[in-house]
Every structure is written in C-alpha cells, then in structure tokens.
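First comes the structure, then the notes that go with it.
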Amino acid sequence: MNAIARAIDALNEGFGRLIAPLLAVITLIVVYDIAMRFFIGRPSDWAFDVTKMLFGAHFMLMAAFGLRHHAHVEVDVLKRLLSRRKQAALEILGYLIFFVPFIWMLLTYGWSFFERSFSRSETTYGIVALPVYPVKAVIVVTAVLILLQAIAVVIRAIQELRKEEAA
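With our numbering as the guide, the letters of the sequence shown map in order to residues 73 to 239.
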C-alpha cells in the first residue's frame with residue numbers, strides 16, 4: 073500500500089511541476105496585452121479569454137499538488153491535541169464524511185458540464201471564438217487527481233492506525 077501512496081505522490085508531484093510554469097505563460101500573455109494597449113492603443117482580441125482560461129486551469133490542476141504538500145486550509149487546533157492514532161482516525165473520518173460527497177459531486181457534475189460543452193462545441197463569446205470544453209475537461213482531470221491524492225492520504229492514515237496497533 074505504501075508503494076501505491078508513493079506512486080500517487082510522484083504522479084501529483086510531477087504533474088504539479090509540469091503545470092506550475094503555466095503561470096509564467098499567463099504573465100507573458102498579460103504583458104503582451106498591456107504592450108499592445110500601450111503601443112497600438114488596442115488590446116488583443118484573444119488575450120483576456122486565454123489568460124482567464126489558463127488561470128482557471130492552473131488553479132484547478134494545482135489542487136492535488138497542494139493537497140500533497142498540505143497547502144490547503146486545515147483546522148488543526150483540536151487535532152494537534154490528539155494522539156497520532158486519533159489524528160489518523162479523524163483524518164479517515166473527515167475524508168469519508170466531507171471529501172467523498174464533494175469529490176462525487178465534482179466528478180458527476182464536472183463530467184456532465186464538460187460533456188454538454190463538448191457536444192455543443194461551446195466557444196467563448198467575442199471576436200475570437202476559443203473552444204471552452206478543454207478547460208471544462210480540467211474539472212474532471214482535477215477531480216481524478218485530487219481523488220488519487222486523497223487515497224494516498226487515507227493509505228497513510230490507515231498505516232498510522234496499524235502502526236499504533238502493532239506497538
């Protein structure tokens with residue numbers, strides 16, 4: 073089970089490192105758009121839509137990387153007072169009560185959101201009609217990556233429970 077958790081960590085670590093530089097691309101597009109406004113007096117027709125979609129994709133795709141590195145908000149005021157065994161049990165319980173319904177909804181509604189967009193060949197409104205469905209597919213990819221990382225967290229919590237039992 074530890075090998076599975078390590079493999080999931082490696083996947084999300086690699087994916088996060090692959091996606092992180094997207095922020096530099098977004099910045100370059102914004103700088104380009106500002107330069108166009110300054111020198112030509114007119115922004116580009118596509119830059120706003122592209123940066124908005126890329127930032128949304130960046131934010132979503134980095135979520136599992138954030139979970140892997142414990143970067144999400146966690147209320148651990150009471151958790152710190154508990155033993156490691158109770159912390160692990162609380163973590164498993166928290167994932168079952170809060171995470172499972174959330175990820176189920178994200179996968180279910182995200183998929184139908186993407187599917188509807190794809191079937192209609194949805195595009196942005198404006199002069200340049202960019203396809204929207206690839207960005208909506210990011211919701212499903214994000215849900216899968218977060219689910220995998222949550223599995224790694226739960227595996228580690230189960231291992232902590234077993235370690236405490238053996239001692």
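A virtual CB, placed ideally from N, CA and C, is assigned to each residue, including glycine.
With a cut-off of 8 Å, do at least 3 Cβ pairs link the segment 161-174 to the segment 225-233?
Counting Cβ pairs under 8 Å, three or more are found: they touch.
Within 10 Å of its beta-carbon, does residue 121 have 16 or more other beta-carbons around it, so buried, or fewer, so exposed?
The residue is buried, with at least 16 neighbouring Cβ atoms inside 10 Å.
Taking only three categories from DSSP, how would you classify residue 115?
coil
Excluding the 5 residues preceding and the 5 following residue 218 in the sequence, name in chain order all residues of the same chain whose CB lies nearer than 7 Å to its CB.
135, 136, 139 and 175.
Pair every Cβ in the segment 170-190 with every Cβ in the segment 200-218, then say whether three or more of these pairs are closer than 8 Å.
yes
Quick check: the segment 190-202 against the segment 108-128, are at least 3 beta-carbon pairs closer than 8 Å?
yes
Excluding sequence positions up to five away, which residues of its chain have a Cβ less than 6 Å from the Cβ of residue 98?
123, 126 and 127
Contact defined as beta carbons within less than 8 Å: I believe residue 77 pairs with residue 227. What is the distance between those atoms, to the nearest angstrom?
4 Å
With DSSP run on the structure shown, which of helix, strand or coil describes residue 203?
In the three-state DSSP reduction, residue 203 falls in the strand class (E or B).
Would you call the CB atoms of residue 129 and residue 101 closer than 8 Å?
no
Taking only three categories from DSSP, how would you classify residue 195?
strand
Apart from the five residues on each side of it in sequence, which residues of its chain come closer than 7 Å, Cβ to Cβ, to residue 108?
The residues are 114, 115 and 116.
Alpha carbon to alpha carbon, how far is residue 75 from residue 96?
33 Å
Helix, strand or coil for residue 92, going by three-state DSSP, please let me know.
coil
Excluding the five sequence neighbours on either side, which residues of its own chain have a C-beta within less than 8 Å of the C-beta of residue 83, listed in chain order?
217 and 220
In terms of alpha-carbon separation, which member of 133, 73, 111 and 79 lies closest to residue 90?
When only C-alpha atoms are compared, the closest one is 133.
In its own chain, which residues sit with a C-beta less than 6 Å from the C-beta of residue 190, not counting the 5 before and 5 after it?
205
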